[in-house]
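Q: Residue numbers (the working numbering): 5 to 139. We treat Cβ as the ideally placed atom computed from N, Cα and C, and that holds for glycine. Okay, here's the structure, questions in a sec.
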Amino acid sequence: MIGLDTNLLVRYILDDDPHWSPIVTRFLDDNLSPERPGYINPVTLAELVWVLRRQPGYDRARLADVIDGLLVSDSLILGEADAVARALSGFRAGTAGFADHLIAELNQAAGAVRTVTLDRAAAKNPPFVPLSQEA
């Protein structure tokens, strides 16, 4: 297994750097397989979505499709994949950002019954609870 950094994934997905994009593509194509997968941890995934959402054409639907593509790839392993899949469902249906949904799902996986937040958009989505209801 090979750990993958956000910058590699960004160059691969956006194919926007004339120098690095082909190098990254060649590296990933030559080195990743179901027998030797790439590993994407939840922090890397959250950072990737954060970077992509600032790019033209990357609305919620397209971001969700990117995450889904990573989840179903047989040459990739996503850390906490079950939590990522639940976060993706919440992201598709909700108003909060993907990282917010991922935080809540990872918290629940660790045993938290709710996630307290000041983020108004996140607070509209279970299992988030606004701080004002907790105080």
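1. List the endpoints of the continuous beta strand (DSSP E) containing G42.
2. Do you know how far the Cα of G7 is from the Cα of E109?
3. Jot down the residue ranges of each uninterrupted beta strand (DSSP E) in the region 37-118, minimum 3 residues, whole runs only, in chain order.
4. Leaving out five residues on either side along the sequence, give the residues of the same chain with a beta carbon under 7 Å from the beta carbon of S79.
5. Quick check: what's the CA-CA separation for I81 versus R90?
6. What does T121 pair with, by DSSP beta-bridge criteria?
A: According to the data block:
1. Going by DSSP, G42 is part of the beta strand (DSSP E) stretching over 42-44.
2. One C-alpha to the other measures close to 22 Å.
3. Counting whole runs of 3 or more residues, the region 37-118 contains the beta strand (DSSP E) stretches 42-44, 80-82.
4. Setting aside the 5 residues that flank it on each side, S79 is surrounded in the same chain by L36, S37, P38, P41, G42, each with a C-beta closer than 7 Å to its C-beta; the list follows chain order.
5. Taking the CA atoms as reference points, I81 sits about 16 Å from R90.
6. According to DSSP, T121 bridges with P134.
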